[in-house]
Amino acid sequence: MPLCPMRQMLEEARKGGYGVGAYNVNNMEQIQAILAAAKETRSPVIIQASRGALEYSNLIYLKHLMLAAVEENPDIPIVLHLDHGPDLKLCKEAIALGFTSVMIDGSIDYDKKTPDGKHPARSFEDNIRVTKEVADYAHARGVSVEGELGTLGGIEDETHADEVLLTDPDEVEEFCKRTRVDALALAIGTSHGAYKFKHEPVLAMDLVTECRKRAPDTNFVMHGSSSVPQELVAEVNKYGGKLPGAMGVPIPSIQEAVKRGIQKINVDTDGRLVVTAAIRKVFVEKPSEFDPRKYLGPARDALEKLIASKMRDFGTAGHAGDYQAKSLESMKTFYAKQKR
Ligand SMILES: [Zn+2]
């Protein structure tokens with residue numbers, strides 16, 4: 007199967023009433039683990055790379071690792087997605103690399119920084135302007151686009167908003183109409199990173215329901231949706247880590263959000279935690295071990311197990327064979343017609 011456009015994958019999820027996880031990758035072991043989980047559970051999957059991941063892997067390495075994943079798994083619909091594209095330039099680079107989807111995060115201004123290193127929020131009009139610019143460019147090439155309205159708390163690579171603003175449902179309809187984004191990230195109270203909340207979070211579920219009414223044909227995305235399982239945090243700390251009070255979004259909250267209209271669920275932190283726990287365990291239990299395969303291997307296995315359980319929890323499992331991926335050419339025609 008060729009790479010899948012994200013619009014198609016999320017529309018299928020919307021029709022089927024399930025969520026699709028979008029998992030961040032930086033290296034070979036993560037990509038292998040995520041694809042092994044997708045194969046095992048028969049799940050469509052979104053693998054996403056942030057600007058930091060592309061820089062870390064010098065772009066070309068990650069591209070070829072992702073393409074290897076596609077070649078090795080012809081029966082799994084796979085989307086290659088750019089996470090938090092800061093501007094048109096990086097979105098263009100990702101599209102040139104063969105990504106089938108890009109996020110343009112117009113909610114904050116990546117060119118500006120406050121003295122403490124955070125990015126200020128953009129105005130509604132400014133967000134529309136940068137998002138539409140990317141959507142026009144991407145759609146002309148059949149590539150899907152995700153935008154963001156409202157800002158999230160927490161920190162993830164370069165993404166650090168100056169203030170947390172929940173999505174205003176009154177803006178959703180106009181934003182989707184004017185930008186023609188295929189997917190929209192909603193800020194409903196989730197947060198990036200491991201230190202999301204001091205207590206179990208209360209998400210603005212009614213916001214999802216309200217936004218779903220305002221834009222029935224747009225696919226919605228939840229960022230910062232790692233669950234930060236306490237047993238994983240304990241495992242990291244047991245083997246010499248120091249992660250005090252990390253907390254995330256419980257699985258039942260994610261399932262409720264999916265029921266109300268979320269299609270894409272971004273997960274990064276949980277993958278980092280499980281990999282760190284597995285590597286720390288080997289280092290502590292076998293201090294004489296110095297073959298990287300002997301600790302990266304167990305980390306890969308642990309990540310596969312974690313992602314497979316998410317695929318079951320999000321309802322993605324079993325849906326890999328539901329449809330044939332559309333070509334970017336056919337998406338190009340679709341967008342051209344839509345524009346007229
Ligand atoms: Zn995010």
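Per the numbering used here: the sequence shown = residues 7 to 346. C-beta: ideal position from N, C-alpha, C; glycine also. Note that the structure is predicted; figures quoted are calculated from it, not measured.
A residue is called buried when at least 16 other Cβ atoms come within 10 angstroms of its Cβ; G23 does not meet this threshold and is exposed. Between ligand 1 and the CB of L41, the shortest heavy atom gap is not smaller than 7 Å. When DSSP reads this structure, S56 sits in a beta bridge with D89. Shown here for K338: same chain residues with a beta carbon closer than 6 Å to its own, the five before and five after excluded, namely G148 in chain order. Runs of beta strand (DSSP E) with 3 or more residues, each lying fully within the region 8–76, are found at 26–30, 51–56, listed in chain order. Going by DSSP, Q269 is part of the beta strand (DSSP E) stretching over 268–273. In this structure, V273 sits away from L309, with a CB-CB distance that is not shorter than 8 Å. For S294, DSSP records no beta bridge to any residue. With contacts defined by Cβ atoms closer than 8 Å, R220 and P175 form a contacting pair. Counting along the chain, no beta strand (DSSP E) covers V234, and no H or E run does either. Beyond the five residues adjoining it in sequence on each side, L334 comes within less than 6 Å, by CB distance, of G148 in the same chain, given in chain order. As DSSP reads the structure, A189 sits in a beta bridge with E152, N225. The C-alpha of K265 lies about 22 Å from the C-alpha of A44.
A Cβ-Cβ contact shorter than 8 Å links C97 with G91. Relative to the Cα of L94, the nearest Cα in the group P83, I84, E77, D115 belongs to D115. Counting along the chain, the unbroken alpha helix (DSSP H) around I101 starts and ends at 94–103. Within the same chain, Cβ atoms closer than 6 Å to the Cβ of S150 are found at P11, M12, R13, S107, D188, the five residues on either side in sequence being excluded. Between I110 and K138, the alpha-carbon positions lie close to 9 Å from each other. Secondary structure note for M109: its beta strand (DSSP E) is the uninterrupted segment 107–110. I134 carries a helical assignment under DSSP once its states are collapsed to helix, strand and coil. Not one heavy atom of ligand 1 falls within 7 Å of the beta-carbon of H125.
By the Cβ test, the region 245–254 is in contact with the region 285–298, since at least three Cβ pairs between them sit closer than 8 Å.
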